[in-house]
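The block underneath contains the structure these notes are about, expressed in structure tokens.
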Amino acid sequence: MNADQPTLPKILVLASGSGTNFQALVDASRERDFPGQVIALGCNQPKAFALERAAQANIETFVVDHKGFGSRDEFDAALIAHILRYSPDVIVLAGFMRILTPSFVQAFRGKLLNIHPSLLPKYTGLNTHQRALDAGDNTHGVSIHFVTEELDGGPVIAQAEVSVMPDDTSESLAEKVQLKEHLLYPIVVRWFCEGRIQLGSDYVLFDGQVMEKPMRLSDS
């Protein structure tokens, strides 16, 4: 934590795996002008490498192992209790591989951001890179959206494109998309911490205006 900047908005990250997007956010938050501070990382996987990244960055962690609960509702209730201890201003889902219950989403409505490896509304759910290849898409990418009760269905804030080449595989496409993820997520979290984006009923407000379409970072 940046103890000398206690008024900065507090960012809590949830992850399940290696934590590369968590690392990108931590690195961005260490920049002098970043308007938020990463205060904690929560994981549902006790052996997630993201936990090691947090330890190296001296960021608090907690684990709520979903295998220890009899239902999704019980797991989410425990997760909510842990999160509330930190009073975060924004909760950033960074590869958090759990489907959240409506009660969880409602508890933190307007404070939940998620990243998804496709150009939503295309390819909600899993295996997005292979599905883009199977469809013969020329472009693929990543979306960052507010979380609502609909899986991967909340209003999209920003997207980044990559070109799909004839020799691309699911793995090579995933690598290209991940590079864009690491660029885009810190930008969107910055906007949130600056108060530039808010969730409306089913739309995004950017600088107080309804966003007609997502911000788009083109391939380069």
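Heads up: the sequence shown begins at 293 in my numbering, then just goes up one per residue.
The beta-carbon is built from N, C-alpha and C at its ideal position, and this holds for glycine as well.
Beta-carbon separation (whole angstroms), residue i vs residue j, contact threshold 8 Å
i: Asp357; j: Phe396; result: Not confirmed; about 16 Å, so no contact.
i: Leu465; j: Leu425; result: 7 Å
i: Tyr477; j: Asn336; result: Not a contact, Cβ separation roughly 19 Å.
i: Pro301; j: Pro338; result: Contact doesn't hold; Cβ gap of about 29 Å is too wide.
i: Ile372; j: Lys403; result: In fact, because the Cβ distance is near 12 Å, the residues do not count as touching under 8 Å.
i: Ile526; j: Leu306; result: Not covered by the structure: residue 526. The range shown for the chain is 293 to 512.
i: Leu405; j: Val480; result: 7 Å
i: Gln422; j: Ser462; result: 4 Å
Nearest to residue i (by Cα), restricted to the options the options
i: Val434; options: Gly445, Leu425, Ala450; result: Ala450
i: Ala399; options: Asp381, Lys468, Gln348; result: Asp381
i: Ser493; options: Glu486, Gly487, Lys339, Met503; result: Met503
i: Asp499; options: Glu486, Arg508, Gly311; result: Glu486
i: Ser410; options: Glu344, Ala347, Ser455; result: Ser455
i: Glu344; options: Leu317, Phe361, Gly311; result: Gly311
i: Glu453; options: Pro447, Val469, Asp459; result: Val469
i: Ala370; options: Thr416, Gly387, Gly334, His421; result: Gly334
i: Thr416; options: Glu323, Glu463, Gly428, His437; result: His437
i: Ser379; options: Arg322, Thr299, Glu323, Gln315; result: Thr299
i: Asp429; options: Pro458, Val496, Asn419, Met389; result: Pro458
i: Leu376; options: Tyr495, Phe354, Arg324; result: Phe354
i: Ile374; options: Lys359, Glu352, Glu441, Arg324; result: Residue identity differs from the one stated: residue 374 is His in this sequence, not Ile. Checked all of Lys359, Glu352, Glu441, Arg324; the closest Cα to His374 is Glu352.
i: Glu366; options: Ala386, Ala349, Pro394, Ala316; result: Pro394
i: Arg401; options: Trp483, Val496, Gln501; result: Val496
Residue i in three-state terms, based on DSSP
i: Gln297; result: Confidence in Gln297 is poor, its pLDDT being 45 and thus under 50, which makes the residue's placement unreliable; the coordinate value appears in the next sentence. Here Gln297 sits in coil by DSSP.
i: Ser512; result: Residue placement at Ser512 cannot be trusted, given a pLDDT of 45 that sits under 50; what the coordinates show is reported in the next sentence. In this structure, Ser512 counts as coil in the three-state DSSP scheme.
i: Thr431; result: strand
i: Ala349; result: coil
i: Lys414; result: coil
i: Leu343; result: helix
i: Val456; result: coil
i: Ala369; result: helix
i: Phe484; result: helix
i: Lys472; result: helix
Residue i and residue j closer than 7 Å at C-beta
i: Leu304; j: Ala342; result: no
i: Glu467; j: Ile407; result: no
i: Gly309; j: Ala340; result: yes
i: Pro506; j: Val448; result: yes
Test: residue i CB closer than 7 Å to a CB of chain C
i: Val330; result: Among the protein chains of the structure shown there is no chain C, as only one such chain exists.
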